[in-house]
Amino acid sequence: MPRQPEIGLALLRLVLGVVFFAHGLQQLAWGDLKPMVDQFNSWNVPHPMLTAPLVATIQVVGGVLLFLGLAARTVAFLLSCVMFGAIWYVHWGRSFFAPAGLELPLLLLGGSLAIMFGGPGIPSMDRVNYRLPYFGRTTTRVYEQEGPPRL
């Protein structure tokens, strides 16, 4: 069976997009930002009035963009920063499998880094041939370089 790393990256990207979207939506669903800010304050996260809504917004918007495969590497970098901060301020020093332990944050960090370094996979909106105005580069179709994926 031929190796298909692009399909594996796409599946990882889709799952990560859903997970980040759900976690960010859960944080924003509180409606009132005060409980979220208080939680960030109890974890000694710097500037909780800024970081709490910023983290939730990055997770929601980043989850959607990651799912679509739009600006996937940049979004994966931002989500990696969020997960590194979560590990540093919240999960470090806790048991690996305990509630709020290191298991899930490490998986999300590793998956985000894989997308950041490996790309979005096929299919993704990043693979469409158009200019990305925010990132100043042109993407090319993978099909033009490698041909269609073999299933």
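Quick note on numbering: this note's numbering labels position 15 of the sequence shown as 337, and the sequence is numbered without any gaps. Cβ atoms here follow ideal geometry from the backbone N, Cα and C, with glycine treated the same way. All figures in this text were calculated on a predicted structure; none of them were measured in a lab.
Whole-angstrom C-beta distance between residue j and residue i, which should lie under 8 angstroms
i    : j    : result
L387 : A393 : 6 angstroms
L430 : V340 : Between V340 and L430 the Cβ distance is about 12 angstroms, and since that is not below 8 angstroms, they are no contact.
A374 : L355 : 6 angstroms
L333 : G441 : Contact doesn't hold; Cβ gap of about 13 angstroms is too wide.
G443 : I329 : 6 angstroms
F418 : F343 : With a Cβ gap of about 25 angstroms, F418 and F343 do not count as contacting.
P421 : M405 : With 8 angstroms as the limit, P421 and M405 do not qualify as a contact, their Cβ atoms being about 17 angstroms apart.
N363 : P370 : 5 angstroms
D448 : G391 : 5 angstroms
Residue interval of the alpha helix (DSSP H) (run including residue i)
i    : result
A394 : 394-408
Q381 : 370-390
I437 : 425-440
F342 : 327-350
V359 : 355-364
Pick from the options that is closest to residue i, judged by C-alpha positions
i    : options                : result
Q361 : D448, A420, I380, V412 : V412
H345 : W365, G384, A420, F418 : G384
W410 : M438, N366, P357       : N366
L350 : I380, F439, G407, N363 : I380
D446 : E425, M438, L336, G423 : Per the sequence presented here, residue 446 reads as Ser, with Asp not at that position. Nearest C-alpha to S446: L336.
S402 : P327, L376, M438       : M438
L338 : V382, V359, L424       : V382
Check your understanding: Does the pairing of the stretch 427-435 with the stretch 393-407 give three or more beta-carbon distances under 8 angstroms?
Key -> yes
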